[in-house]
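Below is one structure, written out as structure tokens, with a few remarks after it.
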Amino acid sequence: MPPFLFYIFAGIMLAFGILVVVLKNPVASALSLVVSFLGLAALFISLNAYFIGIIQILVYAGAVMVLFLFIIMLLDLKAAPKEKGGLLAVLGGIAVIGVFAVQLIGITSNFEAGKVTLDERPLNLAAAAAARPALPEGIEDPIANDLLEGKLPDVKLIGESMFTHFGFHLQVVAVLLLVATVGVVILSKRELK
Amino acid sequence: MSLNDYLIASGLLFAIGLSGVLIRKNVIVIFMCLELMLSAANLSLVAFSRFNLTDGLPNYSGQVLVFFIITVAAAEVAVGLAIIVALYRAKQTTSVDDLNSMKH
Numbered sequence: 181m182p183p184f185l186f187y188i189f190a191g192i193m194l195a196f197g198i199l200v201v202v203l204k205n206p207v208a209s210a211l212s213l214v215v216s217f218l219g220l221a222a223l224f225i226s227l228n229a230y231f232i233g234i235i236q237i238l239v240y241a242g243a244v245m246v247l248f249l250f251i252i253m254l255l256d257l258k259a260a261p262k263e264k265g266g267l268l269a270v271l272g273g274i275a276v277i278g279v280f281a282v283q284l285i286g287i288t289s290n291f292e293a294g295k296v297t298l299d300e301r302p303l304n305l306a307a308a309a310a311a312r313p314a315l316p317e318g319i320e321d322p323i324a325n326d327l328l329e330g331k332l333p334d335v336k337l338i339g340e341s342m343f344t345h346f347g348f349h350l351q352v353v354a355v356l357l358l359v360a361t362v363g364v365v366i367l368s369k370r371e372l373k
Numbered sequence: 003m004s005l006n007d008y009l010i011a012s013g014l015l016f017a018i019g020l021s022g023v024l025i026r027k028n029v030i031v032i033f034m035c036l037e038l039m040l041s042a043a044n045l046s047l048v049a050f051s052r053f054n055l056t057d058g059l060p061n062y063s064g065q066v067l068v069f070f071i072i073t074v075a076a077a078e079v080a081v082g083l084a085i086i087v088a089l090y091r092a093k094q095t096t097s098v099d100d101l102n103s104m105k106h
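Those sequence lines, one after another, are chains S and U.
Residue 181 is where the first sequence starts when you use my numbering, and the numbers rise one by one after that.
Residue 3 is where the second sequence starts when you use my numbering, and the numbers rise one by one after that.
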């Protein structure tokens, strides 16, 4: 990806992230957050993480933000009444950003391993295909076929990693989602008795 | 673009989210800033995954972790918003200044 696209999308992500904090109206904040997540998804795609980028748009910018907007409109929040006593908090927030930025730039300027660029670390699909474990005679490896054709089958690779190395974790997350569903139903009942 | 560029972008996004949590008084906006911080962590995970090539491919363990983080964040949003709705029913407000006691 040409560098100017990185700066455009990182700029969109950070500028709309600031708007989330600055804007008074919660609906405007939520919509700025959607745009910020779109910029973030573009950065994911620039890192060859196509699946994560699409998931970011579908789950975050889609489902989660619709849930946010739904709740904001359900509670019928007006463009917030004046947030009093904010000056100290605003100064504190700006100080946090300043301290973070100075520390980050100080640390990364001394971080030699972080100075490699994407062009110095190209993906090597042929080497990846050669490194695939051999399968029994007569069974085709769809991932190796895609790699040999010059495609990056990242959904298949993530799925392979998830179902071979992280099967237990996947089941734990499934239980967590079940618990969250039950918890939301109980929390939403009118009387907690 | 180097790994440091992505780490700086990720760190700045995290700082913006943290400052939002400190500055804002509206519970829902604070919650959105939490999402911003989670996404900033995801960006640095994906950047490290891409730059740690194994056999010419990104290290997919990092991306599986991002997938799990997104799943947990979605569950967290559902529970958190249900708590906010319950709070609003009890107190008729979403300002953290007025939400200062555990019982009602």
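Glycine included, C-beta positions come from ideal geometry on N, C-alpha and C.
Please read these numbers as outputs of a predicted model, since none were measured by experiment.
Check                                                                                                                                                                                          : Outcome
Expressed to the nearest angstrom, what Euclidean distance is found between the alpha-carbon atoms of G13(U) and V244(S)?                                                                      : 23 Å
Have a look at L38(U) and D100(U) and give me their C-alpha separation to the nearest angstrom.                                                                                                : 24 Å
Taking the alpha-carbon positions, what's the N290(S) to V215(S) distance?                                                                                                                     : 33 Å
For A360(S), is the classification buried or exposed, using 16 other Cβ atoms within 10 angstroms of its Cβ as the cut-off for buried?                                                         : buried
Just to confirm the assignment, what range does the alpha helix (DSSP H) spanning F346(S) have?                                                                                                : Taken as a continuous stretch (DSSP letters only), F346(S) belongs to no alpha helix (DSSP H), as it is neither H nor E.
Mind checking if M34(U) is an interface residue toward chain S, Cβ cutoff 8 Å exclusive?                                                                                                       : yes
Answer with yes or no whether the minimum CB distance from G330(S) to chain U is below 8 Å.                                                                                                    : no
Expressed to the nearest angstrom, what Euclidean distance is found between the alpha-carbon atoms of L55(U) and F348(S)?                                                                      : 25 Å
Starting from the C-beta of G19(U), find all residues in its chain whose C-beta is less than 6 Å away, skip the five residues before and the five after it, and write them out in chain order. : C35, L38 and M39
By alpha-carbon positions, which one of V68(U), L67(U), I71(U) and A84(U) ends up nearest to F248(S)?                                                                                          : A84(U)
Using the C-alpha atoms, what's the distance from D7(U) back to V377(S)?                                                                                                                       : An answer regarding residue 377(S) cannot be provided, because it is not within the stretch 181 to 373 covered by chain S.
So, helix, strand or coil for L257(S), using DSSP?                                                                                                                                             : coil
Shortest alpha-carbon distance to Y240(S) belongs to which of F50(U), S51(U), A42(U) and Y62(U)?                                                                                               : A42(U)
Any beta carbon of chain U sitting closer than 8 Å to that of N325(S)?                                                                                                                         : no
Among all the DSSP beta bridges, which residues are the ones paired with T56(U)?                                                                                                               : L59(U)
So is G197(S) buried or exposed if we call it buried at 16+ other beta carbons inside 10 Å?                                                                                                    : buried
Spell out the partners DSSP gives T297(S) in its beta bridges.                                                                                                                                 : S4(U)
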